[in-house]
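Following UniProt numbering, the numbering of the sequence shown begins with 1 at its first residue and continues without gaps. Beta carbons are placed, not taken as given, at the ideal position from N, Cα and C, and that holds for glycine. All of these numbers come straight from a predicted model, not from anything done at the bench. Working notes for the structure below.
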Amino acid sequence: MCLKHVMHGELEIGRVHAENAVRNRNQSLDLLTLGARLQGALNILQAATVQNAVTTAMRSVVSSMVAACSPRDMHLPSLSATMDRFERMTDHLGTRQTCVSQALGGMNATAGDAEQVNSLMAQIVDRAGLDVRSVMPAVECSTLQQINIPSSSSSSPPTPPPQNLQVSGLDEQLAKLRNFYG
């Protein structure tokens, strides 16, 4: 939809569609983050369950070690088997804890919405191979720079969008959209 409106010279409406696309993408990322957090909580609960099982198993291992290490019957194969069981249990627990810490540590924050909207608008115009000045000859150069769309006649790299947009410009855009939709 954004491309269609940009091709018809309706940059403001295209921007609204781009903002909606970015908002939906951010909502999707938020839901994925929530899912990852829930999975992390599940992993923590599973790790606690495993720790309880390991504690129970450790009791039997310790009693087996005490029996195997008694001075009167120091049976080395039995001691070796007991130590192998102990190592397997601790390795399993360490693997679980590593998985939980990686799941919780891999969550990243997203960048600002305005920058994403500008980037999306620039990608759409670039993919369509449009020269924005021929589609919308009345658009000022500053407006094109705000959405980071390169001119086909300039060979310099595009300038980044300004960090602080003027509120009056946003009010004008809102008024245009209200007039357009009714």
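By the neighbour-count definition (other C-beta atoms within 10 Å, threshold 16), ALA48 is an exposed residue.
In the three-state reduction of the DSSP assignment, CYS99 falls in the helix class. Between the segment 54-62 and the segment 18-37, the count of Cβ pairs shorter than 8 Å is below three; the stretches do not touch.
Cβ-Cβ distances below 8 Å link MET89 to VAL54, ALA57, MET58 and VAL61 in the same chain, with the five nearest sequence neighbours on each side left out; the list follows chain order.
Assignment of GLY94 by DSSP, reduced to helix, strand and coil, places it in the helix class. Nearest neighbour of VAL6 by Cα position, chosen from SER119, VAL125 and CYS99, turns out to be VAL125. Secondary structure at GLY14: helix, using DSSP grouped into helix, strand and coil. Between THR33 and LEU120, the alpha-carbon positions lie close to 22 Å from each other. In the three-state reduction of the DSSP assignment, SER70 falls in the coil class. The three-state secondary structure of GLY35, taken from DSSP, is helix.
Listed in chain order, the non-local C-beta contacts of THR82 below 8 Å within the same chain comprise VAL61, SER64, MET65 and ALA68, local neighbours out to five positions each way being set aside.
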